[in-house]
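2 protein chains.
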Amino acid sequence: MATRSGRRPGDSGARAAIAEAARRQFALAGYDRATMRGIAAEAGVDPALISHYYGSKRQLFASVVELPVDPAAAVPALLSGPPETLGDRMIRMVLGVLEDERARSRLIGLIRAGASEPEAARIMRERFGEELLTVAAEQLESDQPRLRAALVNSLIMGLVMSRYIVRIEPLASASPDQIAAALGPVLQRYVMEPLGGNAG
Amino acid sequence: MATRSGRRPGDSGARAAIAEAARRQFALAGYDRATMRGIAAEAGVDPALISHYYGSKRQLFASVVELPVDPAAAVPALLSGPPETLGDRMIRMVLGVLEDERARSRLIGLIRAGASEPEAARIMRERFGEELLTVAAEQLESDQPRLRAALVNSLIMGLVMSRYIVRIEPLASASPDQIAAALGPVLQRYVMEPLGGNAG
Chain Z
7 MATRSGRRPG
17 DSGARAAIAE
27 AARRQFALAG
37 YDRATMRGIA
47 AEAGVDPALI
57 SHYYGSKRQL
67 FASVVELPVD
77 PAAAVPALLS
87 GPPETLGDRM
97 IRMVLGVLED
107 ERARSRLIGL
117 IRAGASEPEA
127 ARIMRERFGE
137 ELLTVAAEQL
147 ESDQPRLRAA
157 LVNSLIMGLV
167 MSRYIVRIEP
177 LASASPDQIA
187 AALGPVLQRY
197 VMEPLGGNAG
Chain Y
7 MATRSGRRPG
17 DSGARAAIAE
27 AARRQFALAG
37 YDRATMRGIA
47 AEAGVDPALI
57 SHYYGSKRQL
67 FASVVELPVD
77 PAAAVPALLS
87 GPPETLGDRM
97 IRMVLGVLED
107 ERARSRLIGL
117 IRAGASEPEA
127 ARIMRERFGE
137 ELLTVAAEQL
147 ESDQPRLRAA
157 LVNSLIMGLV
167 MSRYIVRIEP
177 LASASPDQIA
187 AALGPVLQRY
197 VMEPLGGNAG
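Residue numbers (my numbering), protein chains in the order written: chain Z, 7 to 206; chain Y, 7 to 206.
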């Protein structure tokens, strides 16, 4: 039944083509403005096939939205090096992802959707609350692991917004090394150092 | 045509009512989806009056978009205290703004627009490049003042996204004191300490 077109009902390629088209449409148009019809057209399938595989638009978004790195693999890799340079390894991994155009556009799409649409924000919260933050938090031996994971998330969101979306200078044109020098010690603090500070 | 006072063509209140309605509509609907007609309806004026006062939608956005604090006043006030607690004063001023519902919704609207719409991002970049970053950078006696100002901007965008828009826990429900303890030292680093770190 499947042929080289990879676009027919029942073809294993159709499901992947829908997912890829959905990621692109959500990234380009945002969650609200992306349509099942537009996603179907880009994937070259009948809109009914999307419902068949994924259900509603909300379910489709929740299924296809994913981080550009797999936290279950990335977190242990990061933690396997010397603790005193963890922040530097983290920012370099983040920049490695963000300097890759495809991964960057996917992450920008996610953040755009989360910024604008409460439904998308809720899905991000649920998915990443379970996926990234929990994995990271469980493996950190510091106190307040979930707050630390959330602070890391906050730094990454701020970096994506300021450097890649709004493009505030000189952050937008700074080299990865300059960014790593500025933000690596902050990530080091977020994951390893006392968070109480001497405030208050 | 509206008959309440402060809503008539030529009335000095109409201009302010349009600005207020525009800020609300841009915050609620985003830059793309906000319409001159909707803004006119909310302000109780004829749509032609908006063009008369502000020109195009782009010009309207650029005119009414503004930071919840006036950098020309806020920056010197922050810098007038002891340098070693500048980061703590900064985060407490930011939180003071963000815990105020009206100021928060205005800032969220701005960040939403900037996240989703290149045109809005461009306006933010132009406006705040000149307004906030330049004022802050000129008054900082550290090296790389513009990079420092951009890092501060990045931290604030990340905080707004993670705590108030996507609402990542436990950042979303942390007390202002907890946030200040976690982020004050980072702001202190961004504005006062060497940025080179020991990375690389």
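Ideal Cβ positions, reconstructed from N, Cα and C, are used throughout, including at glycine.
Interface annotation for the stretch 61-88 of chain Y against chain Z: empty, criterion Cβ-Cβ distance under 8 Å. Taking the Cα positions, Y/A121 is about 35 Å away from Z/S18. Taking each of Z/M96, Z/I24, Z/G190, Z/L201 in turn and checking the Cα distance to Z/A54, the smallest one comes out for Z/I24. Counted as a single uninterrupted DSSP element, the stretch harbouring Y/R169 is not any alpha helix (DSSP H), since DSSP gives it neither H nor E. For Y/L116, no CB of chain Z lies under 7 Å from its own CB, so it is not counted at the interface with that chain. The three-state reading of DSSP puts Z/Q150 in coil, since its state is none of H, G, I, E or B.
Against chain Y, the CB of Z/G202 has a partner CB under 7 Å away; the residue lies at that interface. Proximity of Z/M163 to chain Y, defined by a Cβ-Cβ separation below 7 Å, is satisfied.
Per DSSP, Y/D183 is one residue of the alpha helix (DSSP H) stretching across 182-198. Apart from sequence neighbours up to five positions away, the residues of its chain that approach Y/V103 with a beta-carbon distance below 8 Å are P74, V75, A109, R110, L113, ordered along the chain.
In this structure, Y/M163 keeps its C-beta atom at 7 Å or more from the C-beta atom of Z/S148. With a threshold of 7 Å between beta carbons, Z/P176 makes contact with chain Y. Judged by DSSP secondary structure, Y/G102 falls within the alpha helix (DSSP H) whose first and last residues are 92-104.
Looking at the backbone, the Cα of Y/V100 and that of Z/A40 are separated by about 34 Å. Judged by pairs of C-beta atoms under 8 Å, the stretch 87-101 of chain Y touches the stretch 186-195 of chain Y, as three or more such pairs exist. Counting along the chain, Z/T140 sits inside the alpha helix (DSSP H) bounded by residues 140-145.
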